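Heads up, the thing below is written out as structure tokens.
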Amino acid sequence: MNTKSLQEFDPEIFGMIQRESARQTDKIELIASENFVSPAVLSAAGSVMTNKYAEGYPGKRYYGGCEFVDEAENLARDRAKELFGCEHVNVQPHSGSQANMAVYFSCLETGDKVMGLDLSHGGHLTHGHPINFTGKLFDFVSYQVEKEDEVIDYDKLIAQACKVKPKLIVAGASAYPRKLNFKRFREAADACGALLMVDIAHIAGLVAVGLHESPIPYADYVTTTTHKTLRGPRGGMIMCKEEFAADIDRTVMPGIQGGPLMHIIAAKAVAFKEALEPKFAEYQRQILANAQALAEALVGHGQKLVSGGTDTHVMLLSLLNASVSGKKIEKALDRAGITANKNTVPFDTRKPFVTSGVRLGTPAVTTRGMGEGEMREIASMINDIVNDVASGSDKTNDGAVNANVAERVKALCRRFPLLTSTTQTASLAQ
Ligand code: DSN
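Residue 8 is where the sequence shown starts when you use my numbering, and the numbers rise one by one after that.
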């Protein structure tokens, strides 16, 4: 076998990893669903457990030699249960999408009625979008936020559920800045005899430390990813009541997946251990404080946010009535060294690849150690870029504003070095 180092054997890929590492170091990361894992999580994810096939579950595998991966999966399950207080957990889903798929396949028949939040109102592709498997296989009916305040009206949701009579209601979002009321979702489900699934992919870290109400007492199924606010490796997870445990496990494997990614399951276990430490709660509190500071400063500069602000880690800059699109602002921010993503906003009139919004989140910058002062600085930079592009002066001033923001980004990144791993210390800005 090849025994050369990655650098020696494959300098092309090595170089790409170095450049990606430098990009992460030198730019301000505001993508609400991204984060930086610790060296310990990265080590487990890059470990020899990647070599092991382990179809099945601890103690009941289809392969020999599973004694150590069994221990790792059991530990991941025990820690997840302690963290979220759930009855049963399956840590094998490769992603949030697969976690959601497993729940759907375990409790629905093709063509069954389901309700989920509209994608442009904050939902996720797997909550019933017509181009997604969910929209193709099941009869999804979307619920939406209100036009006036851009939040969910729970009385209307309950009334809609009684009319639609879905078999399952999906709560949870990828771009909804306000807290979700799981008790009201349960009322909606009970009103029409539906099951309730809550997808906490974005807010899992906040839920784990009690800064967002937990859906566990209300939901039949709770799905999540492990890499957003939870700051673990890329992956998914399903929590459910004991009565659904066997169905969920069967649906994940052999239903929709084969061999679990044991290196990632080991890394999930490490992330859960980190999340059980008191300083993880402090980190989550800072994410929220930073989101408040960023939102208030943006509003103070005259920018418009969907629903007027946030009470989570995420917010959406609304460009609904502006001359510029989310796509243009995403590009301009990127040129200056600020990474964010264009995002549709409720009642958007632009196409999904253009959009009238930009989604911003604070988990990654908070991991870097930035606080409220830095959020105000970042808000000022974003405001300068948006105004520059909106007024068209980015074309007449030779990109002077963008260049000025790029310098401020570099200075800020130098003050908060990203030292989460030895490979993440590379910088292009030296
Ligand atoms: N793509 C993720 C996000 O950015 O929110 C959701 O799966």
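By construction, the Cβ of each residue, glycine as well, lies at the ideal position given by its N, Cα and C atoms. It should be emphasised that the depicted structure is a prediction, and the values quoted were computed from it without experimental measurement.
(message) My parser needs the alpha helix (DSSP H) runs of 4 or more residues fully inside the region 178–234; what are they?
(response) 189–199, 211–215, all fully within the region 178–234.
(request) Would you tell me roughly how many angstroms separate the C-alpha atoms of ASP77 and GLY239, rounded to the nearest one? (result) Computed Cα separation, rounded: 20 angstroms.
(request) On the DSSP bridge assignment, give the partners of PHE147 in chain order. (result) Answer is VAL121.
(request) Have a look at ILE138 and PHE145 and give me their C-alpha separation to the nearest angstrom. (result) Their backbone Cα atoms lie some 12 angstroms apart in a straight line.
(request) Give the straight-line distance between the Cα atoms of GLY315 and GLU153, rounded to the nearest whole angstrom. (result) The straight-line gap from Cα to Cα measures roughly 13 angstroms.
(request) State yes or no: is the C-beta of ALA208 nearer than 7 angstroms to some heavy atom of the ligand DSN? (result) Yes - the ligand DSN has a heavy atom lying nearer than 7 angstroms to the Cβ of ALA208.
(request) Determine whether the Cβ of ALA87 lies closer than 8 angstroms to any Cβ atom of chain B. (result) Absent from the structure is chain B; it holds one protein chain and no more.
(request) Kindly identify the DSSP beta-bridge partner or partners of LEU175. (result) Answer is VAL121, LEU202.
(request) To the nearest angstrom, report how far apart GLN167 and VAL98 are at their CA atoms. (result) Distance between GLN167 and VAL98, taken at the CA atoms: about 33 angstroms.
(request) Closer than 6 angstroms by C-beta to GLN105: which residues in its own chain qualify, once you throw out the five before and the five after it? Chain order, please. (result) Answer for GLN105: GLY243, listed in chain order.
(request) Look up TYR111 in the DSSP assignment and say whether it is helix, strand or coil. (result) TYR111 falls in the helix class under three-state DSSP.
(request) Compute every distance between the C-beta of SER45 and the non-hydrogen atoms of the ligand FAD, then say whether any falls below 7 angstroms. (result) Among the ligands present in this structure, namely the ligand DSN, the ligand FAD is not found.
(message) Mapping the DSSP letters down to three states, classify PRO18 as helix, strand or coil.
(response) PRO18: helix per DSSP, three-state reduction.
(message) Which complete alpha helix (DSSP H) runs does the region 295–344 hold, if anything under 4 residues is left out?
(response) Qualifying alpha helix (DSSP H) stretches, in chain order: 333–343.
(message) In the DSSP assignment, the alpha helix (DSSP H) including MET246 goes from what residue to what residue?
(response) Taken as a continuous stretch (DSSP letters only), MET246 belongs to no alpha helix (DSSP H), being part of the beta strand (DSSP E) at 243–247.
(message) Considering only their Cβ atoms, is the gap separating ASN409 from ALA343 smaller than 8 angstroms?
(response) Taking 8 angstroms as the Cβ cut-off, ALA343 and ASN409 qualify as a contacting pair.
(message) If the criterion is Cβ atoms closer than 8 angstroms, does the pair VAL158 and GLY135 meet it?
(response) It is not a contact, given that the beta carbons lie outside the stated cut-off.
(request) List in chain order the residues whose CB is within less than 5 angstroms of at least one heavy atom of the ligand DSN. (result) Residues with a Cβ closer than 5 angstroms to any heavy atom of the ligand DSN, in chain order: SER40, SER181.
(message) Quick test of your reading: LYS34 and VAL416, contact by CB under 8 angstroms. State the CB separation rounded to the nearest angstrom.
(response) Yes, LYS34 and VAL416 are in contact; Cβ-Cβ is about 7 angstroms, under 8 angstroms.
(request) Give me the Cα-Cα distance between VAL393 and PRO65, rounded to the nearest whole angstrom. (result) Cα to Cα, the separation comes out at about 52 angstroms.
(message) Can you look up HIS95 in the DSSP assignment and give me helix, strand or coil?
(response) HIS95 falls in the strand class under three-state DSSP.
(message) Determine whether the beta carbon atoms of GLY212 and ALA298 lie at a separation below 8 angstroms.
(response) For GLY212 and ALA298, no; Cβs fall outside 8 angstroms.
(request) Could you say if the region 77–96 and the region 266–280 meet the contact criterion of at least three C-beta pairs nearer than 8 angstroms? (result) At 8 angstroms Cβ cutoff, the stretches touch.
(request) Using the Cα positions of MET204 and ALA413, report the straight-line distance between them to the nearest angstrom. (result) Looking at the two C-alpha atoms, the distance is approximately 43 angstroms.
(request) Put GLY71 into one of helix, strand or coil per three-state DSSP. (result) Coil at GLY71, not helix or strand.
(message) Out of GLY406, ASP318, ASN411, which one is the CA nearest neighbour of LEU367?
(response) When each option's Cα is compared against that of LEU367, the closest is ASP318.
(request) Would you tell me roughly how many angstroms separate the C-alpha atoms of VAL396 and VAL306, rounded to the nearest one? (result) Their Cα atoms are separated by approximately 18 angstroms.
(request) In angstroms with no decimal places, state the Cα-to-Cα distance between MET56 and ASN42. (result) Cα atoms of MET56 and ASN42: separation of roughly 23 angstroms, rounded to the nearest angstrom.
(request) Take HIS514 and list the residues in its own chain whose beta-carbon comes closer than 6 angstroms to its own, dropping the five residues that flank it on each side. (result) With the chain covering only 8 through 437, there is no way to say anything about residue 514.
(request) Return helix, strand or coil for VAL365, following the three-state DSSP convention. (result) Here VAL365 carries a strand assignment [DSSP, helix/strand/coil].
(request) Express the C-alpha separation of GLN291 and THR430 in angstroms, rounding to a whole number. (result) Low confidence applies here, because THR430 scores a pLDDT of 45, under 50, leaving its location unreliable; read the following figure in that light. Rounded to the nearest angstrom, the gap between the Cα atoms of THR430 and GLN291 is 25 angstroms.
(request) Take every Cβ of the region 332–340, pair it with every Cβ of the region 360–375, and state whether three or more of those distances are shorter than 8 angstroms. (result) Under the Cβ criterion (8 angstroms, minimum of three pairs), the region 332–340 counts as touching the region 360–375.
(message) Suppose you measure from the CA of GLU250 to the CA of GLN14; what does that come to, to the nearest Å?
(response) GLU250 and GLN14: Cα-Cα distance of roughly 50 angstroms.
(request) Provide the residue(s) that pair with THR258 in DSSP beta bridges, ordered along the chain. (result) The bridge partners DSSP lists for THR258 come to none.
(request) List the endpoints of the continuous alpha helix (DSSP H) containing PHE279. (result) Counted as a single uninterrupted DSSP element, the alpha helix (DSSP H) harbouring PHE279 occupies residues 269–282.
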